[in-house]
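First comes the structure, then the notes that go with it.
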């Protein structure tokens, strides 16, 4: 694309570096900002800059936080004996929005992926192992994405955690057909596994918070 | 959505104010920027800030420019007797990328839309009328979107331009079925108009730059 302005070109290049944003969308965003007042754009850039420069991570669960402890770890009403291991803040938000989980979290910051050069040392694994040694943990729930990398990470973590405390209960999210989906569109692997790991009918009558 | 951090919440709010970006996408962009180095994010915010604060508009065609004249108006090899009237920079880029148009442009900055409170005074209309009075113009091509607002704008501009110079040729983009489309999916209005304004077959054999 031939822009009439170097300033526009650079701003478009910056936006199109963001995930899922191509050149055309980037140009649309740039032209939108150009129509806004300078004050509005100053607030936009300032808030993004503040976010990057002032952000802290919770010393306990490694989640993004404005303080030493995030508001979930600081909440004494939550069950601190149950840790849900997730990949990032988005997963915390997803689980929190179900309003079913009462425990606390541990944010790994990713999953083990040798192809991308991400091993346990690049993730918040040691912090999780330290928590198991210091805190009175009953159960650790692996809520990682049902992918090859997610499963590898679950396998690796389970082994490490069991080495520290063989009696800790380690569980993972149930796998099966999604609620509301049409059976004919479910992929073969999921359907085969859901069939093999079928459960007694009565269990479906139990409400999720029991 | 319950974010664990006020800084994240504010940055997400800023991003989701952009057109076509919802809360989930905004969060994805924020978390992406959070993973980048502070230098990368500083360049991001700086370039957007520079773009907004330092941008100029071409004194002739009102297009976005880094200088007094944009690089199209400053180009002596272009046909300055033909003006193509467009809505914004995106349309200039779209027409330039066809590599067929040799004339210059005039950027209106929008189209007349009473519903949105946009009248001729909010657009670069007077600048266009002034150009017709001062410059030796042969033809003015209306390349506005084929919408109700676009057609209203074409009608209004044509009348005003004819008042100044009744001999100036005013044309508009051809309307009809799009190249490569399936006929059965063309909307009724377009198909009816394309039928009514059908052209001799030989004209299609003429290459577009003749």
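Chains as they are written, first to last, in the numbering used here: chain Z, 1 to 210; chain B, 1001 to 1210. Ideal Cβ positions, reconstructed from N, Cα and C, are used throughout, including at glycine. Bear in mind that the values here come from a model prediction, so they are computed numbers and not experimental data.
{"query": "Residues that residue 1006(B) contacts on chain Z, provided the C-beta gap is smaller than 9 Å", "result": "66"}
{"query": "Residues near residue 65(Z) by beta carbon distance below 7 Å, same chain, minus five either side", "result": "56, 57 and 58"}
{"query": "Local conformation of residue 76(Z) per DSSP, three classes", "result": "coil"}
{"query": "Residue 53(Z): contacting residues in chain B (beta-carbon distance under 7 Å)", "result": "1038"}
{"query": "Selected residue, minimal CA-CA separation from residue 146(Z), among 87(Z), 70(Z), 10(Z) and 60(Z)", "result": "87(Z)"}
{"query": "9 Å Cβ cut-off: residues of chain Z touching residue 1041(B)", "result": "48, 49, 51, 52 and 53"}
{"query": "Segment limits, alpha helix (DSSP H) that includes residue 1060(B)", "result": "Residue 1060(B) -> no alpha helix (DSSP H), and no H or E assigned at all."}
{"query": "C-beta neighbour in chain Z for residue 1172(B), strict 8 Å", "result": "no"}
{"query": "The region 158-165 of chain Z contacting the region 178-189 of chain Z, beta-carbon criterion three pairs below 8 Å", "result": "no"}
{"query": "DSSP-derived helix/strand/coil call for residue 1098(B)", "result": "coil"}
{"query": "Neighbour flag for residue 1119(B) against chain Z, beta carbons, 8 Å", "result": "no"}
{"query": "Straight-line Cα distance separating residue 133(Z) from residue 124(Z)", "result": "15 Å"}
{"query": "Three-state class that DSSP yields for residue 186(Z) in the structure shown", "result": "coil"}
{"query": "Nearest residue (CA-CA) to residue 102(Z), options 85(Z), 80(Z) and 184(Z)", "result": "80(Z)"}
{"query": "Within 8 Å of chain Z by C-beta, residues of the region 1086-1118 of chain B in sequence order", "result": "1088, 1089, 1090, 1092, 1093, 1096 and 1097"}
{"query": "Reference residue 1115(B); option with closest CA among 1129(B), 1089(B) and 1152(B)", "result": "1152(B)"}
{"query": "Run of the alpha helix (DSSP H) containing residue 30(Z), from where it starts to where it stops", "result": "23-35"}
{"query": "Beta-carbon proximity check, residue 28(Z) vs residue 1120(B), cutoff 8 Å", "result": "no"}
{"query": "Collapsed DSSP secondary structure at residue 210(Z) in the structure displayed", "result": "A caution first: residue 210(Z) carries a pLDDT of 44, below 50, which makes its placement in the model too unreliable to give a value."}
{"query": "Residue 176(Z) versus residue 144(Z) - alpha carbon distance", "result": "15 Å"}
{"query": "6 Å Cβ shell around residue 1007(B) - same chain, five flanking residues per side excluded", "result": "none"}
{"query": "Cross-chain neighbours of residue 72(Z) in chain B, by beta carbon under 9 Å", "result": "1004"}
{"query": "For residue 15(Z) and residue 33(Z), the rounded distance between their alpha carbons", "result": "12 Å"}
{"query": "Minimum Cβ-Cβ distance from residue 1149(B) to chain Z less than 8 Å", "result": "no"}
{"query": "Residue-level contact to chain B via CB, residue 127(Z), 8 Å cutoff", "result": "no"}
{"query": "CA nearest to the CA of residue 141(Z), picked from 112(Z), 122(Z), 131(Z) and 173(Z)", "result": "173(Z)"}
{"query": "Helix, strand or coil at residue 1143(B) [DSSP, three-state]", "result": "coil"}
{"query": "C-alpha distance - residue 1003(B) paired with residue 94(Z), whole-angstrom precision", "result": "11 Å"}
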